[in-house]
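Engineer: Take this structure first; my questions come after.
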Amino acid sequence: VNKVAKGVAKAGAEVKQAAVLGAGIMGGGIAYQSAFKGTPIIMKDIAQEGLDLGMKEAGKLLSKRVARGRMSPEKMAAILSSIEPTLHYQGFDRTDVVVEAVVENPKVKHSVLAETEKHIREDAVLASNTSTISITYLAEALQRPENFCGMHFFNPVHAMPLVEVIRGEKTSDATVARVVKYALQMGKTPIVVNDCPGFFVNRVLFPYFAGFNMLVRDGVDFRRIDKVMENFGMPMGPAYLMDVVGIDTCSHAAAVMAEGFPERMKHDFKGVSELMYEEKRFGQKNGLGFYKYE
Ligand code: NAD
10 VNKVAKGVAK AGAEVKQAAV LGAGIMGGGI AYQSAFKGTP IIMKDIAQEG LDLGMKEAGK
70 LLSKRVARGR MSPEKMAAIL SSIEPTLHYQ GFDRTDVVVE AVVENPKVKH SVLAETEKHI
130 REDAVLASNT STISITYLAE ALQRPENFCG MHFFNPVHAM PLVEVIRGEK TSDATVARVV
190 KYALQMGKTP IVVNDCPGFF VNRVLFPYFA GFNMLVRDGV DFRRIDKVME NFGMPMGPAY
250 LMDVVGIDTC SHAAAVMAEG FPERMKHDFK GVSELMYEEK RFGQKNGLGF YKYE
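Residues in the sequence shown are numbered from 10 upward in steps of one, following this note's numbering.
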């Protein structure tokens, strides 16, 4: 895959300065990964606590490397200083690529993207880490939709190799090349996909979850399904995976998939994850999903 990506990236110039909007689970992870692999990054949030958490998370990951003797404390300090936290758009006129990773709300994303576009150079690229919102739709907020695409990371960012680079209707080849280049600089494995509900990964994952849902409805114990899938070679089974991702996130994405592909994904009964969402069993994030977490 990376051989193809390297071909695409040839047309893209090196990303010397990046920025990320949102310092949450994903934004913090993106900032860490970019800085760790040598691309300085500005991290913007609207809340100081968000920035503090993002910096703390990056510090924790780097400290682990230092403790294992895989990094010197000086190197750790240098990497941390290449993440610039800000509550404003300070330094955004220096950025080549800006990754948006704020809350999954179309209205908020539209306003954040439009505002950001005013603070970056005309040749800079904007990319959204949205999991479920159409890239073509998000681009409607922009004056330069050709400079915009999706850059979908997976959680936890430092550990998951795949990045989906999503081409919206107006995305230019140069934009795709730049973002693929940045993903490679971050040590990731980018794949370029067209804009559609679920992009590539969720389009494959959610029919798998739908199969799981049906088996549970038929009375098969979810623990047994997890075991069978682990024995098959999956790193974890579907129930455990939903707990890790978050039942609330899965439930929302399932609704998006059902709307996008009603003939395949819509059913007249509630799926297991919808029932669990109603019971507020959100998975690892609140200690109770399919499994219990201490
Ligand atoms: P999160 O709630 O952990 O973080 C969101 C951050 O955005 C918060 O720190 C918040 O203060 C900040 N924010 C809100 N409005 C802002 C604004 N106007 N400007 C700057 N910052 C702002 O959310 P998350 O889980 O990191 O998700 C972020 C995005 O990444 C979403 O679009 C989500 O769909 C996507 N995503 C999430 C996952 C995941 O597993 N969590 C995986 C892939 C993609």
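Glycine included, C-beta positions come from ideal geometry on N, C-alpha and C. Keep in mind the model is a prediction, meaning the values are calculated, not measured.
When DSSP labels each residue in this structure, what does ARG233 get in the three-state scheme?
Structural biologist: Sequence index remark: in the sequence shown, residue 233 carries index 224 (1-based). ARG233 falls in the helix class under three-state DSSP.
Engineer: Whole angstroms is fine: what's the gap from HIS161's alpha carbon to ARG77's?
Structural biologist: The residue labelled residue 161 in the question sits at position 152 within the sequence shown. The residue labelled residue 77 in the question sits at position 68 within the sequence shown. Each residue's alpha carbon lies about 30 Å from the other.
Engineer: Please return the same chain residues whose Cβ sits closer than 7 Å to the Cβ of ILE175, not counting the five positions on each side in sequence.
Structural biologist: One-based indexing of the sequence shown puts residue 175 at position 166. So the qualifying residues of the chain are ILE144, CYS158, GLY159, HIS161, VAL202, ASP204, PHE208.
Engineer: Tell me the DSSP bridge mates of ILE129?
Structural biologist: The residue you call residue 129 lines up with position 120 of the sequence shown. Partner(s): none; ILE129 has no beta bridge.
Engineer: With DSSP as the reference, identify every bridge partner of MET160, one or two as the case may be.
Structural biologist: In the sequence shown, the residue the question calls residue 160 occupies position 151. Per DSSP, VAL174.
Engineer: Could you compute how far the alpha carbon of ALA148 sits from the alpha carbon of GLY177?
Structural biologist: Taking the sequence shown and counting its residues from 1, one reaches residue 148 at position 139. Taking the sequence shown and counting its residues from 1, one reaches residue 177 at position 168. Whole-angstrom Cα-Cα distance: 8 Å.
Engineer: Using CA atoms only, rank isn't needed, just tell me which of LEU250, GLY36, ALA262 is closest to MET274.
Structural biologist: For the purposes of this step, residue 274 is taken as residue 265 along the sequence shown, with counting starting at 1. Minimum Cα distance to MET274 is reached at ALA262.
Engineer: Select from ILE55, PRO244, ASN114 the residue whose C-alpha is nearest the C-alpha of VAL265.
Structural biologist: Counting from 1 along the sequence shown, the entry for residue 265 is found at position 256. The shortest C-alpha separation from VAL265 is found at ASN114.
Engineer: Spatial neighbours of ILE256 within its chain, please: C-beta separation below 8 Å, excluding the five flanking residues on both sides.
Structural biologist: Working through the sequence shown from its first residue, we reach residue 256 at position 247. Around ILE256: SER282, MET285, TYR286, ARG290, PHE291, GLY292, GLY298.
Engineer: Check the DSSP bridge columns for SER137 and list the partner residues they point to.
Structural biologist: Indexing the sequence shown from 1 puts residue 137 at position 128. Per DSSP, GLU109, GLY159.
Engineer: Determine the contact status of ALA22 and ASP182, defining contact as a CB-CB distance below 8 Å.
Structural biologist: The residue labelled residue 22 in the question sits at position 13 within the sequence shown. The residue labelled residue 182 in the question sits at position 173 within the sequence shown. No, they are not a contact pair.
Engineer: Please report the straight-line C-alpha distance between ASP102 and VAL229, rounded to a whole angstrom.
Structural biologist: In the sequence shown, the residue the question calls residue 102 occupies position 93. In the sequence shown, the residue the question calls residue 229 occupies position 220. Cα-Cα distance, rounded: 56 Å.
Engineer: Buried or exposed for THR184, going by 16 or more other Cβ atoms inside 10 Å?
Structural biologist: Within the sequence shown, residue 184 is the residue found at index 175, counting from 1. Classification for THR184: buried.
Engineer: If you drop the 5 nearest sequence neighbours on each side, which residues of the same chain put their C-beta closer than 6 Å to that of HIS276?
Structural biologist: Residue numbering aside, residue 276 sits at position 267 when the sequence shown is read from its first letter. If we look at HIS276 and ignore the five residues flanking it on each side, it has no Cβ neighbours.
Engineer: Specify the secondary structure class of MET274 as computed by DSSP and reduced to three states.
Structural biologist: Position 265 of the sequence shown, counting from 1, holds the residue named residue 274. In the structure shown, MET274 sits in a helix (DSSP, three-state: H, G or I).
Engineer: By how many angstroms is the C-alpha of TYR98 removed from the C-alpha of ALA248?
Structural biologist: Numbered from 1 along the sequence shown, position 239 holds the residue referred to as residue 248. Numbered from 1 along the sequence shown, position 89 holds the residue referred to as residue 98. Spanning the two alpha carbons is a distance of roughly 41 Å.
Engineer: Taking the beta carbon of ASN295 as the centre, do at least 16 other beta carbons fall within 10 Å, making it buried, or is it exposed?
Structural biologist: Residue 295 sits at position 286 when you count from the first residue of the sequence shown. Looking at its Cβ environment, which holds fewer than 16 other Cβ atoms inside 10 Å, ASN295 is exposed.
Engineer: Check VAL201 in the structure and name its three-state DSSP category.
Structural biologist: Translated into the one-based positions of the sequence shown, residue 201 becomes position 192. Strand at VAL201.
Engineer: Decide if PRO82 is buried, meaning its Cβ has at least 16 other Cβ atoms within 10 Å, or exposed.
Structural biologist: Along the sequence shown, one-based indexing puts residue 82 at 73. So PRO82 counts as exposed.
Engineer: How would you call GLU66, buried or exposed, if buried means at least 16 neighbouring beta carbons within 10 angstroms?
Structural biologist: Start at 1 with the first residue of the sequence shown, and residue 66 comes out as number 57. With 16 or more Cβ atoms within 10 Å of its Cβ, GLU66 is classed as buried.
Engineer: Do MET64 and ILE92 have their C-beta atoms within less than 8 Å of each other?
Structural biologist: As a first step, residue 64 must be located in the sequence shown, where it is residue number 55. As a first step, residue 92 must be located in the sequence shown, where it is residue number 83. A contact, by the Cβ cut-off of 8 Å.
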